[in-house]
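Residue numbers (my numbering): 78 to 272.
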């Protein structure tokens, strides 16, 4: 079943861009599961509440398929730079999946870039008075490259948990935050920030 326009939109309501990635359906679906697992696992590791994380796949045209995903979270009293790293974790986990599974090419790695994840981080931090630069270090802030470095270290450290969640999500389509916590041993705080 095709997702709604809302499910295919970024945080501003604009449609997320589609990028062609020459992979089989199963490879692309598992890659998206790794992407969403990266967001979900780092969210939990940084003390955010995860409601759900899912892979959404549908037949866009006869014989053609499309894959996307979504992770629903709540960040209360989350460090802004950790929030930004969580945003960067999805694309990084996606690229790591390609590397580990022998699927990496420069074109596929470039297709993993999710500008909507970066733009969400930039916009959310700006609302709280923090500067996150796309391609530079703003005064008193950080660059997206610096945030990706933070996320890269955490993705590497939590790779086993990300892999476990990705494979479970690929099998079931959707996982609750509590299911992810049970799979990883991480804590999914109660709504409102209580543990």
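Think of the CB as a built atom: it goes at the ideal place given N, C-alpha and C, for glycine as much as any other residue.
In this text, all values refer to a predicted model and were calculated from it rather than measured experimentally.
Alpha carbon to alpha carbon, what distance is there between residue j and residue i?
i           : j           : result
residue 142 : residue 130 : 20 Å
residue 110 : residue 82  : 20 Å
residue 118 : residue 240 : 10 Å
residue 116 : residue 165 : 8 Å
residue 245 : residue 121 : 17 Å
residue 157 : residue 179 : 34 Å
residue 127 : residue 248 : 19 Å
residue 89  : residue 197 : 9 Å
residue 250 : residue 195 : 24 Å
residue 161 : residue 205 : 12 Å
residue 217 : residue 252 : 38 Å
residue 254 : residue 262 : 12 Å
Return the residue from the list the options that minimises the CA-CA distance to residue i.
i           : options            : result
residue 60  : 243, 158, 248      : Outside the displayed span of the chain (78 to 272) sits residue 60, for which this structure offers no information.
residue 105 : 260, 92, 86, 135   : 135
residue 144 : 256, 79, 213       : 79
residue 235 : 260, 92, 102, 182  : 260
residue 85  : 140, 102, 146, 125 : 146
residue 125 : 103, 151, 207      : 151
residue 133 : 107, 176, 123, 154 : 107
residue 137 : 102, 155, 211, 176 : 102
residue 232 : 155, 170, 91       : 170
Quick one: residues in its chain with C-beta nearer than 8 Å to the C-beta of residue i, no 5 flanking neighbours on either side, listed in chain order?
i           : result
residue 272 : In this prediction, residue 272 scores a pLDDT of 49, lower than 50, which makes its location untrustworthy; the coordinate-derived value is nonetheless stated afterwards. For residue 272, where only same-chain residues beyond five positions count, the Cβ hits under 8 Å are 264, 266.
residue 99  : 184, 185
residue 139 : none
Enumerate in chain order the residues of its own chain whose CB-to-CB distance from residue i is below 6 Å, with the five nearest sequence positions on each side excluded.
i           : result
residue 225 : 165
residue 148 : 113, 116, 117, 130
residue 199 : 209
residue 214 : 220
residue 222 : none
So, for residue i: in the same chain, excluding its five sequence neighbours on each side, which residues have a beta-carbon less than 7 Å away from its beta-carbon?
i           : result
residue 190 : 168
May I ask you to list the residues that DSSP assigns as paired with residue i?
i           : result
residue 158 : Residue 158 pairs with nothing; no bridge assigned.
residue 151 : 126
residue 261 : The partner list for residue 261 (beta bridge, DSSP) is empty, contrary to what the question assumes.
residue 92  : 86
Would you list, in sequence order, the uninterrupted alpha helix (DSSP H) runs of no fewer than 4 residues that lie entirely inside the stretch 166–250?
Taking 4 residues as the minimum length, the alpha helix (DSSP H) runs contained wholly in the stretch 166–250 are 183–188, 192–204, 221–234, 236–249, in order along the chain.
Identify every run of the beta strand (DSSP E) within the stretch 101–145, keeping only runs that are complete inside it and at least 3 residues long; order them along the chain.
As far as the stretch 101–145 is concerned, its whole beta strand (DSSP E) runs of at least 3 residues are 126–138.
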